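**Student:** Would you mind keeping the following structure in view while I ask a few things?
Chains as they are written, first to last, in our numbering: chain A, 282 to 395; chain B, 2 to 115.
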């Protein structure tokens, strides 16, 4: 079945610097790739997503890139701020073919150092 | 984004009792609803997927007789943990998916079984 690997498990960056989190997926039929941010004790919140017909998507300080050939996608956060500290999860889905299930990465704990 | 509510947010019960958790999509019709379990510092573990009016599809290793799911309408799904035991203590989160594959999460339910 589909497998999603996420790296690193922990990422510590200086406030103002950029952070990059990478994920790889195994099933080439995957066509939807969301990123979620989860603060301690809270629900995961969708921060950005990308579909397989697009190579890059940007929303203010957050961007996601997708390389379908290599089967990997990445989250980029620029000008990091303390409120960016959280656990970030990537996921992959085959849409209706898999009843819209998401296959989740293991998560990355992002720490923003003041 | 879309709003998903989940009740109760916290529940403490005695071993052997049953607990019902409700998940509602408040401003959209959810084609599919998902139930997850999350252990501390871990990723989300999918328990089951449900479509309105049909039986839930459970993931391998999840006991369907213990975790009863009823997807009564396009806006409501319930999870009942039957005869709960301390090992069932966990953070349970539901999510609802629209036609575009995006999943929106409820705030979660912290279950503690004494």
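Note that beta-carbon positions come from the ideal geometry of N, C-alpha and C, so glycine has one too.
This one's a predicted model, so the numbers in the text were calculated from it and none came from an experiment.
For residue 344 of chain A, does the three-state DSSP call read helix, strand or coil?
**Tutor:** strand
**Student:** Residue 328 of chain A and residue 313 of chain A look like a contact to me (Cβ under 8 Å); what is the Cβ gap, rounded to whole Å?
**Tutor:** The pair is not a contact, with the Cβ atoms about 15 Å apart (cut-off 8 Å).
**Student:** Are residue 13 of chain B and residue 113 of chain B close, meaning C-beta to C-beta below 8 Å?
**Tutor:** yes
**Student:** Per DSSP, which residues does residue 475 of chain A bridge with? Please list them.
**Tutor:** Outside the modelled stretch of chain A, which goes from 282 to 395, sits residue 475 of chain A, for which no answer is possible.
**Student:** Quick check: what's the CA-CA separation for residue 360 of chain A versus residue 297 of chain A?
**Tutor:** 4 Å
**Student:** Within 10 angstroms of its Cβ, does residue 1 of chain B collect 16 or more other Cβ (buried), or is it exposed?
**Tutor:** Residue 1 of chain B lies beyond the range of chain B shown here (2 to 115); nothing can be said about it.
**Student:** Between the segment 343 to 351 of chain A and the segment 373 to 380 of chain A, do at least 3 Cβ pairs fall closer than 8 Å?
**Tutor:** The answer is no - the segment 373 to 380 of chain A does not touch the segment 343 to 351 of chain A, with fewer than three Cβ pairs under 8 Å.
**Student:** For residue 108 of chain B, return the contacting residues in chain A, with the cut-off set at a CB-CB distance below 9 Å.
**Tutor:** 323, 324
**Student:** Note the first and the last residue of the continuous beta strand (DSSP E) segment covering residue 314 of chain A.
**Tutor:** 313 to 319
**Student:** Apart from the five residues just before and just after residue 363 of chain A, which ones in its own chain have a Cβ nearer than 8 Å to its Cβ?
**Tutor:** Answer for residue 363 of chain A: 296, 393, 395, listed in chain order.
**Student:** Is there contact here, the segment 95 to 109 of chain B with the segment 4 to 11 of chain B, by at least three beta-carbon pairs under 8 Å?
**Tutor:** yes
**Student:** With distances taken from CA atoms, which of B:45, B:67, B:36, B:87 is nearest residue 319 of chain A?
**Tutor:** B:45
**Student:** Check each residue of the segment 15 to 30 of chain B: if its Cβ is closer than 7 Å to any Cβ of chain A, include it; give the result in chain order.
**Tutor:** Residues of the segment 15 to 30 of chain B that bring their beta carbon within less than 7 Å of a beta carbon in chain A are absent altogether.
**Student:** Would you check if the distance between the CB atom of residue 37 of chain B and the CB atom of residue 96 of chain B is smaller than 8 Å?
**Tutor:** yes
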